[in-house]
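Residue numbering for the sequence shown follows the working numbering, beginning at 9 and increasing consecutively.
Note that CB positions come from ideal geometry on N, CA and C, so glycine has one too.
Working notes, structure below.
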Amino acid sequence: MAILPIRSRSYYICMDKGRQSRIRRLPASRVAFFVIFALSLTSVLLAWVRYSSLLTHWKMWSRGPVYDSFIRPSAEDATANTTIRPIKSHLRIPDACLDHWVSYGRWDGSCAGVPIQESTIDLVYIWVNGSDKYHAESRQDVLASLKISAADSRFREHDELRYSLRSAFKNLGHWKNSAWHVVTADVPTHGPFQGDAQRLGLVPQWLDVDRARIGGVNGEPPIYLYHDSEVFRYTSSPGHTPTVEEVNKWRQSVLPTFNSMAVESQLPHLDPESVSENIIYLNDDQFFMLPFPSSAFHSPLYGPVFRLVTGFMVQGNPSGEGDSGGEWRSLGWSSHVLDQRFGIRARAYVAHNARSFSLPLLHEAALTFGDAFALTPMSRFRGSHSVSGEYEINTIYLATHFVMERHREALLWSWVVGKWGGMGDGGGVLDRNTKDGMWAEIGGRHGEEEVKMRRSSGRTTNEDVAFNMRSAGLAQPRSEDPEKQANTTYLFVSNDGFTPNYMSRPEEATISRNDCMGSETETAWAVFRRLAAEKPHCGDAVIALLANAAPNGLSIFLPPPSPSSSSSDIPMPAVLPLIMPSSPPPLPQNSRAFALRLIHRYAYTIAETPSEFFGVETGEQAMWYLSWVRPDTALLCVNDDLADDAWNVTQGSAQLQQWFQSKWPDKLAYEI
Ligand SMILES: *[C@@H]1O[C@H](CO)[C@@H](O)[C@H](O)[C@H]1NC(C)=O
Ligand SMILES: *[C@@H]1O[C@H](CO)[C@@H](O)[C@H](O)[C@H]1NC(C)=O
Ligand SMILES: *[C@@H]1O[C@H](CO)[C@@H](O)[C@H](O)[C@H]1NC(C)=O
Ligand SMILES: *[C@@H]1O[C@H](CO)[C@@H](O)[C@H](O)[C@H]1NC(C)=O
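This is how it looks when you write it as structure tokens:
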């Protein structure tokens, strides 16, 4: 066994923090970087020579696996940072341009000539080597202490990570300033420095960690390793500050973990100093098959790009009865958690392939549902913790819908509270007259109880996307030649409002005055709460009817401009409370500027890209599937469902690796 020296590690952590400035913005400083690197390597070697025990490990280097030694953070440091973060790339959009963009959905007018860059996107993987001796030992210990068993197949690997990274370099290698991050499991230390805080992180044995951290000579992005015990952070309900005892108790009951869902629930706490705010989250069995423009995943105009399976709608289910070994229980539970906050509805499954996220919004989701996130890793193995109400949430599913719900909430807040609530003298109160005005704006006639929309007016989304990307100088998500470049189609953009079917703009909507608006005087906040969460069908109809009034943009939702339409007099970031309070928070000084920043914060896109997901049960089947992959397939997931017998496993593994190797034969520069 060889242990990567601690000194080199802390040195690198410190470089991590400086990465933004050192590597991203000043590539010229790489020379200086190498000099410092060489110096530090020398000091590390000197340190080694002084510690004979470490020297022993050095001698054993060639014989055993390499680990990444690190010290677990203190309890204080293992508490989540509860500061809601701004989205930096949005701050670069000037107020006048943002006003024009949100209002009209066109990148012209005051946006013409505004410099805008392709999103910087990092890849985030979670990975474990189930064949590692110490990992297997630790797994058996925890299984025995919990008196349960778990299938080994979850911990098998066929060198997928290596090939997934090769596929990423081949197809995303042209992206600027991208970095790759791999979160791996860790095991108790073995050797001279025993102690609770000292841990060994698993390292892919084919990876030269030292070289990986500075990037490859062919332009391969740097790879940074993190480990479970290093990234886990305790979240509690908003407003509660946890004690050190609480954090320690939590850590003891959740770590070490053998549950990928538990690790996913902690991705919100990746250090924003070293991980870009736009990420793609992947499992190692997911591959890029064709070159992609970054707008297939993120753009500063349209936000993260979600791919949803609309044929698979998930209802809230708090019973815990769904299959806990797969995703069912967590999906039903997550939908239930969302229902409690945003109102009851069925929500589309998120396609099981490379997934786009905004790191600040992922973090905001974890703070909003702090308790549910903290309870998720109580299942040390998938589905192992079965206490009612303490099930795992499905981070990806929950966070994706969180963004869409927050955007919807932002639109309703803007129209009800910002625009109409701001009109009367009373400030924030809607009387019968004001409600008549609102009713007229959604198309209701005086004295009529219902508004019906049939056949929506043409919105020009697809033409607009092409125009706006061109105008902003960003690559088009669509491809002229789908067998040469991934062809992504934006089906729905949040600039069109909200879509309850997660597929396209609503074609029809009906709203009843009595049910949704009423006529009595009440606070704007009360009406907002009703439309947003208590009666979601009312909010959906209001958004559909208002969005229908114009071919593009959201100007009808916005409060009127105030004399000083600047974001300097609003809090940054502009956000609504995480928990919906029963009484209204104070109105921002400049409602329009606030609404614009708020709405754009949660901008998102629903898109489709040719993708495949295979659950492979035998080697034969693997080859059969893979021979049928269509040439325009851009995203591929090959899930190991191999039958647990030795023959199938050996055979299947060999077939998969052979196919991976034929597909991506070129080594990355930092492969050993
Ligand atoms: C918490 O996050 C904010 C925003 O990213 C940052 O400014 C602050 O320094 C962080 N606090 C700690 C204790 O890390
Ligand atoms: C996984 O662990 C086994 C046993 O230590 C080792 O032989 C193998 O190389 C490891 N695989 C990777 C990808 O690190
Ligand atoms: C790209 O995909 C869209 C939606 O599936 C399709 O309509 C379009 O024809 C495709 N582009 C090409 C060039 O085939
Ligand atoms: C391999 O798996 C298949 C499908 O699960 C099964 O029918 C077959 O019996 C397995 N082969 C062996 C040798 O166990």
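Cβ-based burial, T403 [other Cβ within 10 Å; buried from 16]: Residue numbering aside, residue 403 sits at position 395 when the sequence shown is read from its first letter. Here T403 is buried. Its C-beta has 16 or more other C-beta atoms within 10 Å.
First and last residue of the uninterrupted alpha helix (DSSP H) at T626: Reading the sequence shown from its first residue, position 618 is the one you call residue 626. Looking at the DSSP string, T626 is not in any alpha helix (DSSP H), and its letter there is neither H nor E.
One or two residues paired with T87 in a DSSP bridge: On the sequence shown, position 79 is the one that residue 87 refers to. Paired residues: Y242.
Check: D167 C-beta below 7 angstroms from any heavy atom of ligand 2: Counting from one through the sequence shown, the residue named residue 167 turns up at place 159. Yes; taking the cut-off as 7 angstroms, the Cβ of D167 has a heavy atom of ligand 2 nearer than that.
Pair within 8 angstroms by beta-carbon distance, G113 and D472: On the sequence shown, residue 113 is found 105 positions in, with the first residue counted as 1. On the sequence shown, residue 472 is found 464 positions in, with the first residue counted as 1. Here G113 is near D472, since their CB atoms are less than 8 angstroms apart.
Beta carbon proximity, L215 to chain B, threshold 8 angstroms: Included in the structure is just one protein chain, with no chain B present.
Touch test, the region 252–267 against the region 276–283, Cβ-Cβ under 8 angstroms, three pairs minimum: Counting Cβ pairs under 8 angstroms, fewer than three are found: no touch.
Identified DSSP bridge partners for W188: Position 180 of the sequence shown, counted from the first residue, corresponds to residue 188. L131 and I231.
Pick from F381, K675, R170 and A555 that is closest to G451, judged by C-alpha positions: As a position in the sequence shown, residue 451 is number 443, starting the count at 1. Checked all of F381, K675, R170 and A555; the closest Cα to G451 is A555.
Pairwise C-alpha distance: N291 and R644: As a first step, residue 644 is located in the sequence shown; it is residue number 636 there, counting from the start. As a first step, residue 291 is located in the sequence shown; it is residue number 283 there, counting from the start. Here the sequence assigns Leu to residue 644, which means Arg is not the residue at that position. Near 11 angstroms, if we compare the C-alpha coordinates of N291 and L644.
Contact belief for P514 with A552 at Cβ below 8 angstroms, rounded distance in angstroms: The sequence position of residue 514 within the sequence shown is 506, counting from 1. The sequence position of residue 552 within the sequence shown is 544, counting from 1. About 4 angstroms; that satisfies the 8 angstroms criterion.
Three-pair Cβ contact test at 8 angstroms for the region 517–527 versus the region 454–465: The region 517–527 is in contact with the region 454–465.
E616 CB to nearest heavy atom of ligand 3 below 7 angstroms: Residue numbering aside, residue 616 sits at position 608 when the sequence shown is read from its first letter. Relative to the non-hydrogen atoms of ligand 3, the Cβ of E616 comes within a distance shorter than 7 angstroms of at least one.
Whole runs of the alpha helix (DSSP H) within the region 383–469, excluding any shorter than 4 residues: 403–420 and 440–449, all fully within the region 383–469.
M477 (DSSP reduced to helix, strand or coil): Position 469 of the sequence shown, counted from the first residue, corresponds to residue 477. The answer is helix: DSSP assigns M477 an H, G or I state.
H393 versus F410: straight-line alpha-carbon distance, rounded: For the purposes of this step, residue 393 is identified with residue 385 of the sequence shown, where counting begins at 1. For the purposes of this step, residue 410 is identified with residue 402 of the sequence shown, where counting begins at 1. Whole-angstrom Cα-Cα distance: 24 angstroms.
Straight-line Cα distance separating M477 from E228: Taking the first residue of the sequence shown as position 1, residue 228 is located at position 220. Taking the first residue of the sequence shown as position 1, residue 477 is located at position 469. Spanning the two alpha carbons is a distance of roughly 27 angstroms.
Per-residue burial, D130 [other beta carbons within 10 Å of its own, 16 or more giving buried]: Your numbering for residue 130 matches position 122 in the sequence shown. Only buried fits D130, as 16 or more other CB atoms lie within 10 angstroms of its CB.
Assigned secondary structure, P308 (DSSP; H/G/I helix, E/B strand, else coil): What you label residue 308 is simply residue 300 of the sequence shown in a count that begins at 1. For P308, the three-state secondary structure derived from DSSP is coil.
Check: N286 C-beta below 7 angstroms from any heavy atom of ligand 5: Ligand 5 is absent from the structure shown, which contains only ligand 1, ligand 2, ligand 3 and ligand 4.
beta-carbon P280 near ligand 1 non-hydrogen atom, thresh 7 angstroms: Position 272 of the sequence shown, counted from the start, is the residue given in the question as residue 280. Flag set: Cβ of P280 near ligand 1.
Selected residue, minimal CA-CA separation from V746, among A187, K671, S387 and F475: Nothing about residue 746 can be read from this structure; the chain reaches only from 9 to 680.
A630 Cβ short of 7 angstroms to ligand 4 heavy atom set: Taking the sequence shown and counting its residues from 1, one reaches residue 630 at position 622. Not under cutoff, so the answer is no.
Simplified DSSP assignment, three categories, for I578: Along the sequence shown, one-based indexing puts residue 578 at 570. Of the three classes helix, strand and coil, the one that applies to I578 here is coil, per DSSP.
Run of the beta strand (DSSP E) containing F78, from where it starts to where it stops: If you number the sequence shown from 1, residue 78 lands on position 70. F78 -> beta strand (DSSP E) spans V74 to I79.
Simplified DSSP state of S302, which is helix, strand or coil: Taking the first residue of the sequence shown as 1, we reach residue 302 at position 294. The answer is helix: DSSP assigns S302 an H, G or I state.
Cutoff 8 angstroms; reference Y357; Cβ partners in own chain excluding five residues on either side: The residue you call residue 357 lines up with position 349 of the sequence shown. Excluding its 5 nearest sequence neighbours in each direction, Y357 has C-beta neighbours in its own chain below 8 angstroms: L316, V317, F320, M321, V322, L339 and Y405, listed in chain order.
Proximity below 8 angstroms, CB of G223 to CB of P212: Taking the first residue of the sequence shown as position 1, residue 223 is located at position 215. Taking the first residue of the sequence shown as position 1, residue 212 is located at position 204. No, the pair does not count as a contact, with Cβ atoms beyond the cut-off.
Residues whose Cβ lies closer than 7 angstroms to any heavy atom of ligand 4, in chain order: Matched residues: E625, T626, A651, D653, W655 and N656.
Given 8 angstroms, three or more beta-carbon pairs between the region 584–598 and the region 331–346: Touching, no.
Check: P490 C-beta below 7 angstroms from any heavy atom of ligand 3: As a first step, residue 490 must be located in the sequence shown, where it is residue number 482. P490 Cβ: within cutoff of ligand 3.
Beta-carbon contacts of F389 that lie in its chain and below 6 angstroms, excluding the five residues immediately before and after: Here residue 389 refers to the residue found at position 381 when the sequence shown is read from its first residue. Excluding positions up to five away in sequence, the list reads A158, F266 and N267.
Straight-line Cα distance separating H182 from L676: Mapped onto the sequence shown, residue 676 falls at position 668. Mapped onto the sequence shown, residue 182 falls at position 174. Spanning the two alpha carbons is a distance of roughly 15 angstroms.
Cβ neighbour criterion (16 or more within 10 Å) applied to S70: As a position in the sequence shown, residue 70 is number 62, starting the count at 1. Note on S70: pLDDT 49, under 50, position unreliable in the model; the coordinate value appears next. Exposed, because fewer than 16 other Cβ atoms sit within 10 Å of the Cβ of S70.
Coarse secondary structure for D107, derived from DSSP in three states: Counting from one through the sequence shown, the residue named residue 107 turns up at place 99. Correct three-state label for D107: helix.
According to DSSP, residues forming a beta bridge with R600: Counted from its first residue, the sequence shown places residue 600 at position 592. DSSP links R600 through a beta bridge to no other residue.
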